[in-house]
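Peer 1: So that we are looking at the same thing, I have put the structure below in structure tokens.
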Amino acid sequence: MKKLLLSAFTVIAISLSVAAQDTASAKRQDNKSLKSAYKAGRQDKRDKMKALNLSEDQRKEMKENREEYKTKIAVVENDQSLTEVQRNEKKDALKKEQKSNTQALLTPDQKARMAAARKTDRQEKNENSEKRMEELKTKLSLTNEQVMQMKALNVRNHKKMKDIRNDNSLDEAAKNKKIEEFKASSEERRKAILTADQLKKMDDTKKGHKLKGVKRAAK
């Protein structure tokens, strides 16, 4: 009897250990994907600025503007006398000011190239988003109402993630932490839209993707 109990406890301990390792591996893969996406976004932004062929004076003034903007944002963030609404309003005003200052430094040709690049990006993102949603609709058998709710959630998520990434008062670690927190809250909203069967299908799909990612990382 003791041997049976010992064997049972051993099996449970091994199972828990394997599960913990799988969870840790998945977590590392998520963090790696997040960092890769963030770095890719930063690199894409740098590439677009490089394509504008900025002069030395333009680069210098833009750097000074960014530093000034970062300082102003930090002041607003640390002002405890402000309500959350007031803080957001001030930050939005500073973002508009920063954008205006950047535009003022560009030539008409540079402005046109920047506008064209942004338009192309929006089109590609919209096309990719629609494609992913159609695939999700098919895999999970989503209703039209669920599709509309998911799209609305995606729009909200995109805006919030953009705000976090553009928050120059945060360092990379702080941004990653905020993104993780937001992803968790967003996941709960997504779960509220789906049925239990759809959630299971989505979890199975995610596990398959994570397993592939872990295997690729191990090679």
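Reminder that position 107 of the sequence shown reads as 106 in numbering that gives the first Met the number 0, one-by-one numbering, no gaps.
From the three backbone atoms N, C-alpha and C, an ideal C-beta is built for every residue, glycine too.
Note that this is a predicted model, so its numbers are computed, not measured.
State buried or exposed for Q97, treating a residue as buried only when at least 16 other CB atoms are found within 10 Å of its CB.
Peer 2: Counting Cβ neighbours within 10 Å, Q97 comes out buried, since at least 16 surround it.
Peer 1: Count the other CB atoms, across all protein chains shown, that sit within 10 Å of the CB of K158; report buried if there are 16 or more and exposed otherwise.
Peer 2: By the neighbour-count definition (other C-beta atoms within 10 Å, threshold 16), K158 is an exposed residue.
Peer 1: Could you check which residue in L135, L152, K161 has the C-alpha nearest to that of T204?
Peer 2: L135
Peer 1: Is DSSP giving N77 helix, strand or coil here?
Peer 2: coil
Peer 1: Beta-carbon within less than 7 Å of K223's beta-carbon, same chain only, minus the 5 sequence neighbours each way: which residues are those?
Peer 2: The displayed coordinates of the chain run from 0 to 218. Any statement about residue 223 would go beyond what the structure contains.
Peer 1: For chain B, find out if any of its Cβ atoms is closer than 8 Å to the Cβ of E187; answer yes or no.
Peer 2: This model lacks chain B altogether, as it is built from one protein chain only.
Peer 1: Quick check on the DSSP output: the alpha helix (DSSP H) that includes N52 runs from which residue to which?
Peer 2: No alpha helix (DSSP H) holds N52; DSSP gives it neither H nor E.
Peer 1: Could you give the DSSP three-state label for T70: helix, strand or coil?
Peer 2: helix
Peer 1: Using CA atoms only, rank isn't needed, just tell me which of R155, L141, K174 is closest to A195.
Peer 2: L141
Peer 1: Can you tell me which of the three DSSP states N165 falls into?
Peer 2: coil
Peer 1: Pick from R188, N64, E88, S128: whose alpha carbon is nearest that of Q102?
Peer 2: N64
Peer 1: Pick helix, strand or coil for D170, following the three-state DSSP scheme.
Peer 2: coil
Peer 1: With three or more beta-carbon pairs closer than 8 Å as the criterion, would you say the stretch 182-196 touches the stretch 119-130?
Peer 2: no
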